[in-house]
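Remarks on the structure that follows.
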Amino acid sequence: MTNPVAITVPDGLPFITITREFDAPVEAVFRAHKEPELIEQWLGPNGYDMAIERYEFVTGGSYRYVHTNPEGATFAFRGVFHVVRENEFAIQTFEYEDFPDVVSLEALTFVDLGDGRTRLEIASAYPSVESRDGMAQSGMERGVSEGYERLDAILGRS
Numbered sequence: 007m008t009n010p011v012a013i014t015v016p017d018g019l020p021f022i023t024i025t026r027e028f029d030a031p032v033e034a035v036f037r038a039h040k041e042p043e044l045i046e047q048w049l050g051p052n053g054y055d056m057a058i059e060r061y062e063f064v065t066g067g068s069y070r071y072v073h074t075n076p077e078g079a080t081f082a083f084r085g086v087f088h089v090v091r092e093n094e095f096a097i098q099t100f101e102y103e104d105f106p107d108v109v110s111l112e113a114l115t116f117v118d119l120g121d122g123r124t125r126l127e128i129a130s131a132y133p134s135v136e137s138r139d140g141m142a143q144s145g146m147e148r149g150v151s152e153g154y155e156r157l158d159a160i161l162g163r164s
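In the working numbering, the protein residues as written are 7 to 164.
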């Protein structure tokens, strides 16, 4: 059975929180967020291709990747990893290049639940409620849910 994704979008505040548990140890979940060849297999909605131009999951590193949907439209994203602590957390910026003035700050926390299970907690802060609403209404929930279902399959193979 797939673990549910909890997405919270509080009224009047420019925040989104995402929580998801995985039936895998924290080291495996962290690695799946660190290694580009794994990320390409799970990040984003089903049916989208992903090309990673740069992905340096270390303090001070940066990333840029492009999703291509089944119709051929492209969506480019970029950001900077401000702090990365192995198997614990990462703080990064996230920017959709079509809206370059809307940069969110994201904190990813990897919680070891014991018994080979991990909870991932993501807290995102946006520059305004309007920009947060745009992200929440963009199909983000579908992309997050479908991506984490694919990540479950990857973690089950490792």
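Virtual Cβ for every residue (Gly too), placed ideally from N, Cα, C.
Exercise for review: For the beta strand (DSSP E) containing Gly162, list its first residue and its last residue.
Suggested key: Along the sequence shown, one-based indexing puts residue 162 at 156. Gly162 -> not in any beta strand (DSSP E); alpha helix (DSSP H) instead, spanning Met146 to Arg163.
Practice item. Report yes if the C-beta distance between Val64 and Val90 is below 7 angstroms; otherwise report no. Key: Along the sequence shown, one-based indexing puts residue 64 at 58. Along the sequence shown, one-based indexing puts residue 90 at 84. At a Cβ-Cβ threshold of 7 angstroms, Val64 and Val90 count as neighbours.
Check your understanding: Secondary structure at Leu44, three-state DSSP: helix, strand or coil?
Key -> Counting from one through the sequence shown, the residue named residue 44 turns up at place 38. Of the three classes helix, strand and coil, the one that applies to Leu44 here is helix, per DSSP.
Exercise for review: Below 6 angstroms CB to CB, which residues in the same chain sit around Pro51 once its five sequence neighbours on both sides are set aside?
Suggested key: In the sequence shown, residue 51 corresponds to position 45, counting from 1. Result list for Pro51: Arg148, Gly149 and Glu152, in chain order.
Review point. How many angstroms separate the CA atom of Glu59 from the CA atom of Asp121?
Key: Indexing the sequence shown from 1 puts residue 59 at position 53. Indexing the sequence shown from 1 puts residue 121 at position 115. Cα-Cα distance, rounded: 36 angstroms.
Review point. Buried or exposed: Pro16, going by 16 or more other Cβ atoms within 10 Å of its Cβ?
Key: Indexing the sequence shown from 1 puts residue 16 at position 10. By the neighbour-count criterion, in which 16 or more other beta carbons inside 10 Å mark a residue as buried, Pro16 falls on the exposed side.
Review point. Between Glu155, Glu27 and Thr80, which lies nearest to Glu103 when the distance is taken from Cα to Cα?
Key: Here the question's residue 103 lines up with position 97 in the sequence shown. When only C-alpha atoms are compared, the closest one is Thr80.
Check your understanding: In three-state terms, what does DSSP make of Val108?
Key -> Along the sequence shown, one-based indexing puts residue 108 at 102. Residue state, collapsed to three classes: coil.
Exercise for review: Could you tell me which uninterrupted beta strand (DSSP E) segments, each at least 3 residues in length, are contained entirely in the stretch 55–113, listed from first to last along the chain?
Suggested key: 55–61, 68–74, 80–91 and 95–102
Review point. Between Thr99 and Gly85, which are expected to be in contact by the criterion C-beta below 8 angstroms, what is the C-beta distance as a whole number of angstroms?
Key: If you number the sequence shown from 1, residue 99 lands on position 93. If you number the sequence shown from 1, residue 85 lands on position 79. Contact between Thr99 and Gly85 holds, since their C-beta atoms are separated by about 4 angstroms, short of 8 angstroms.
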